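Novice: The structure's right below; bear with me while I get my questions together.
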Amino acid sequence: LLTLARIDPQKDQQSVVDALAALPGVHAVLAGPVTVPGYDEAILERARGLGVADRLHLPGAILPESSELADLYRAADLFVLPSRHEPFGIVVLEAWANELAVVATRVGGLAELVDSGRTGYLVTPGVPAELAAAIARLLHDPATRREFGAAGRAEVEAHYAWAAVAGRLEGYYQEISGVPGRRG
């Protein structure tokens with residue numbers, strides 16, 4: 013499992029740790045800078061208490077242009093974003109660009125972005141058992157996981173690639189300026 017987000021209670025990485033307890037043999041990477049001092053230690057302490065510390069990896073902040081980031085995406089089977097609040101979730105687009113299925117919480121922009129049952133699954137925030145169940149479904153069903161990843165990649169290409177964004181922006185400018193032209 014891969015989670016890329018700042019290490020912060022708002023991102024609720026502790027739910028991933030709790031889910032690991034119900035997912036024997038599954039490893040999780042929680043990558044990102046620590047923005048709430050001590051939260052990383054609380055995560056590790058929880059993992060030790062649940063007996064999953066050996067399957068949990070916190071590599072810290074990863075630079076966007078680093079080969080390590082690309083390696084993390086390639087090594088992952090599934091992307092997980094258990095946020096309690098998320099205005100948009102651009103990291104979901106990055107996961108989809110790497111053809112990863114997504115399990116995310118039904119909050120903010122994630123609720124609009126992830127098409128549950130097509131590009132991933134949406135779960136209730138703060139309910140690790142529901143998170144674990146959605147993760148298990150996808151880990152045990154590689155065909156669906158690949159379908160969701162491919163659908164996510166298609167979503168990125170259709171709506172979030174630079175050409176698509178530029179076309180929409182041009183259309184908006186034409187609309188507000190009253191200048192006729194092609195619509196993006």
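Residue numbers for the sequence shown follow the working numbering, beginning at 13 and rising by one. Just so it is clear, CB atoms sit at the ideal spot from N, CA and C, and this is done for glycine as well. Everything numeric in this text was worked out from a predicted model, so none of it was measured.
What is the DSSP secondary structure of G196, counted as helix, strand or coil?
Specialist: Residue placement at G196 cannot be trusted, given a pLDDT of 49 that sits under 50; what the coordinates show is reported in the next sentence. Coil.
Novice: Is the Cβ-Cβ distance between S95 and D24 less than 8 Å?
Specialist: Cβ atoms of S95 and D24: closer than 8 Å.
Novice: Output yes or no for whether 8 Å exceeds the beta carbon distance between D52 and L32.
Specialist: For D52 and L32, no; Cβs fall outside 8 Å.
Novice: Take every Cβ of the stretch 104–116, pair it with every Cβ of the stretch 160–174, and state whether three or more of those distances are shorter than 8 Å.
Specialist: Short answer: they touch.
Novice: Nearest by alpha-carbon distance to P154: which of V114, L68 and I74 is it?
Specialist: Of the listed residues, the one whose Cα sits closest to P154 is V114.
Novice: Work out the CA separation of D30 and E182 for me, nearest whole Å.
Specialist: Each residue's alpha carbon lies about 46 Å from the other.
Novice: To the nearest angstrom, how far is the alpha carbon of V48 from that of V119?
Specialist: Roughly 21 Å between the two C-alpha positions.
Novice: Can you name the residues that DSSP bridges to F91?
Specialist: BP columns for F91 point to L14 and V114.
Novice: Grouping DSSP H, G and I as helix and E and B as strand, with all else coil, what is I19?
Specialist: Three-state DSSP puts I19 in a strand.
Novice: Round the Cβ separation of V38 and L13 to the nearest angstrom and send it over; I've been treating them as touching at under 8 Å.
Specialist: 6 Å between Cβ atoms; contact.
Novice: Return the chain-ordered list of same chain residues with a C-beta closer than 8 Å to the C-beta of H97, the five sequence neighbours on each side being excluded.
Specialist: Same-chain partners within the cutoff: Q22, V119 and G120.
Novice: Specify, as a first and last residue, the run of the beta strand (DSSP E) that V41 falls within.
Specialist: Counting along the chain, the beta strand (DSSP E) containing V41 begins and ends at A40 to A43.
Novice: Suppose contacts are defined by Cβ-Cβ distances below 8 Å. Is L90 in contact with V104 by that definition?
Specialist: No, these two residues do not count as a Cβ contact at 8 Å.
Novice: Taking the alpha-carbon of L112 as reference, which of L125, A88 and A123 has the nearest alpha-carbon?
Specialist: Nearest option by C-alpha distance: A88.
Novice: Can you grab the Cα-Cα spacing for the pair Y133 / A144, in whole Å?
Specialist: Straight-line Cα distance between these residues: approximately 11 Å.
Novice: What three-state label does DSSP hand H10 in the structure shown?
Specialist: Look at the range of the chain in this structure, 13 to 196, and you will see that residue 10 is not part of it.
Novice: So what does DSSP say about G179, is it helix, strand or coil?
Specialist: In this structure, G179 counts as helix in the three-state DSSP scheme.
Novice: By Cβ distance, which residues of its chain are closer than 7 Å to D20, with the 5 residues on each side in sequence left out?
Specialist: Excluding residues within five positions, the ones whose Cβ falls inside 7 Å are T47, V48 and Y51.
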